[in-house]
Amino acid sequence: MKLSAFLLLLLSFNVSAITADTESAKFSLERLSNSLRQLNFSTSFVVVKNNQAEPYHWLHGIGDNEQELEIFTRLNGPRRDVLRQGEIVSYIEPEQEPYSIISSDVRSPIPSIFRGNISELEESYRFISVGRSRILGRVAQLVRIVSKDKYRFSYWLWLDQKTGLLLKMAVLTRQGQLLEQIQFTHIEVNEQLTDNLEQFQLTELPKVVELTQQQNKALSWQVDWLPQGFSVVKSNQHRLNSHNQGNEKAVEFMLFSDGLVEVSVYVNPSQEKFRAPEYASDGATIVFNHILQGIEVGIVGNIPLATAKKIAESIAPAVIDNVNNNAQGSKGEQQDD
6 MKLSAFLLLL
16 LSFNVSAITA
26 DTESAKFSLE
36 RLSNSLRQLN
46 FSTSFVVVKN
56 NQAEPYHWLH
66 GIGDNEQELE
76 IFTRLNGPRR
86 DVLRQGEIVS
96 YIEPEQEPYS
106 IISSDVRSPI
116 PSIFRGNISE
126 LEESYRFISV
136 GRSRILGRVA
146 QLVRIVSKDK
156 YRFSYWLWLD
166 QKTGLLLKMA
176 VLTRQGQLLE
186 QIQFTHIEVN
196 EQLTDNLEQF
206 QLTELPKVVE
216 LTQQQNKALS
226 WQVDWLPQGF
236 SVVKSNQHRL
246 NSHNQGNEKA
256 VEFMLFSDGL
266 VEVSVYVNPS
276 QEKFRAPEYA
286 SDGATIVFNH
296 ILQGIEVGIV
306 GNIPLATAKK
316 IAESIAPAVI
326 DNVNNNAQGS
336 KGEQQDD
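Here our numbering is used: the first residue of the sequence shown is 6, the next is one more, and so on.
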């Protein structure tokens, strides 16, 4: 009886400790979200993958009328800037005219969910508060965002104890293999806007372009399997010039997300009947392609190769008109086979 009581007490203690770690981790992630939206900061960071480092500079601040201002700049190679004033996001890229779109989502190496509703990730990931370490000369809290299944990677975040901002991020496999990481090299938080942002909020951004592509359109193909938690973001059909065939070929595109990770799926008819699977990886990003029964399927996303292969093999002729319904149905799949 005494042994049973001791084991019960030990189990209760472990459950309480796990719950406390989870709540502490979620609090740290929510603080990160608030800091990314509310603070005036200037940072530099490098994205490290495949033994290469790509440096960036990132400015954020709150301007007049509480409008968020943001500038992402890639420091090496051709100029590539992302600018944001409120919900107008502008892209300056090589070999094309600058343009703007209506969006609050800035495409950058930093996942946009980190400034959004962290609770959206709880269906697919566990939050674990691990401990503290020293990053960039600052005390940092390590929080792990761990996939609940084998079909995704896990993310380790080191968060500044003083400001709540991100100091380092690592993407790892379930076996603990490091795929890529983001290391901040400079961080400065100010009460007022920096001079660059003061000037930027007076700058007129490029003209907003109209997005004319139909989204969530009924397609000829559907994805019959996705890891639990993924749902469709958008879908469309467009035509690409085919130099080999001298005409255009229709390509169907579907974008899925679990909140943290996006997966792009491309499907189009091919004159070839079969091509063995081909793939390439860039850090955590996999690019997978194969042709089966005259249908070419491409998968791009921050997912394991086995996940990309399983998604590609699930492509089938659409039996329901709305691809959105198909994707939502696949959310009920079991997490593990």
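Glycine included, C-beta positions come from ideal geometry on N, C-alpha and C. Source: prediction; values computed, not measured.
| Item | Value |
| --- | --- |
| What separation, rounded to the nearest whole angstrom, lies between the Cα atoms of Glu-209 and Arg-85? | 18 angstroms |
| According to the neighbour-count rule (16 or more other Cβ atoms, all chains shown, within 10 Å of its Cβ), is Gln-250 buried or exposed? | Here Gln-250 scores only 49 on pLDDT, less than 50, and its place in the model is too uncertain to base an answer on. |
| Within its chain, find whatever has a CB closer than 6 angstroms to the CB of Leu-170; leave out the 5 residues flanking it on each side and keep chain order. | Ser-40 |
| Thinking Ile-291 and Gly-303 are a contact (beta carbons under 8 angstroms), I'd like their distance in whole angstroms, please. | No, Ile-291 and Gly-303 are not in contact; Cβ-Cβ is about 11 angstroms, not under 8 angstroms. |
| How about Gly-66 and Thr-199: are their beta carbons less than 9 angstroms apart? | yes |
| Write down the C-beta distance between Leu-147 and Ser-138 rounded to the nearest angstrom, noting that I regard them as a contact closer than 8 angstroms. | 6 angstroms |
| Looking at C-alpha atoms only, which residue of Val-238, Phe-46, Thr-190 and Asn-55 is the closest neighbour of Glu-75? | Phe-46 |
| Which residue marks the beginning of the beta strand (DSSP E) containing Ile-304, and which one marks its end? | 300 to 306 |
| Note down, in chain order, each residue of its chain lying with its Cβ closer than 6 angstroms to the Cβ of Leu-184, except the 5 sequence neighbours on either side. | Val-176, Gly-288 and Ala-289 |
| Considering only their Cβ atoms, is the gap separating Lys-315 from Trp-230 smaller than 9 angstroms? | yes |
| Label Phe-189 either buried or exposed according to how many other C-beta atoms from any shown protein chain fall within 10 Å of its C-beta, with 16 as the threshold for buried. | buried |
| Exposed or buried, Val-266, counting other C-beta atoms within 10 Å across all chains shown (16 or more means buried)? | buried |
| Nearest to Tyr-61 by alpha carbon, out of Gln-72, Asn-55, Ser-49 and Ser-262? | Ser-49 |
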